[in-house]
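Numbering (UniProt numbering), first residue to last: 1 to 188.
The beta-carbon is built from N, C-alpha and C at its ideal position, and this holds for glycine as well.
Data block below; observations after.
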């Protein structure tokens, strides 16, 4: 009798907790706010050029591959969170990743749904982001993307015997209240 009473009490508490839990609808936070200026560029991924220059600062060109001094988009991501070398024989060519790096110009902001999102490619090189936050969106600035590419190449580029330099890396960026996983990987 005590076991049955205890079981019913626990079941009642569990049912009450489930009923009281907030519900997030699958359709919530699936697109950027209306009028925000974001343009859909792929399933679950939007991009916006920033036009408010009050939060920009100029950064110099990088002699190792950055050929254009661009205004810096000041996002909420910290660049020093985590980097990991993943270079193998199948990794993308560094030269392709530098072209991709230079193609990411201007002061844009990427907005995406939860899950893996490929946001840039060139030749063998691809750059993707992923997050598993509770808010349903991820945001990363162009400069965050460029900085992770540049730091990865500087730290991990490797030439196997008889080959040109290759790069593959992954890492984490702390952005506001969530963490973004980023990847530099082979596009093929």
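- With respect to the 7 Å criterion, residue 169 and residue 156 are classified as neighbours on the basis of their beta carbons.
- Taking every protein chain shown into account, the CB of residue 36 has fewer than 16 other CB atoms within 10 angstroms, so this residue is exposed.
- C-alpha of residue 104 to C-alpha of residue 84: approximately 22 Å in a straight line.
- The shortest C-alpha to C-alpha distance from residue 127 to any of 164, 99 and 137 is the one to 99.
- Measuring C-alpha to C-alpha distances from residue 77 to each of 119, 109, 120 and 89 identifies 109 as the nearest.
- Secondary-structure assignment with DSSP links residue 159 through a beta bridge to 165.
- Straight across, the Cα-Cα distance linking residue 124 with residue 96 is about 6 Å.
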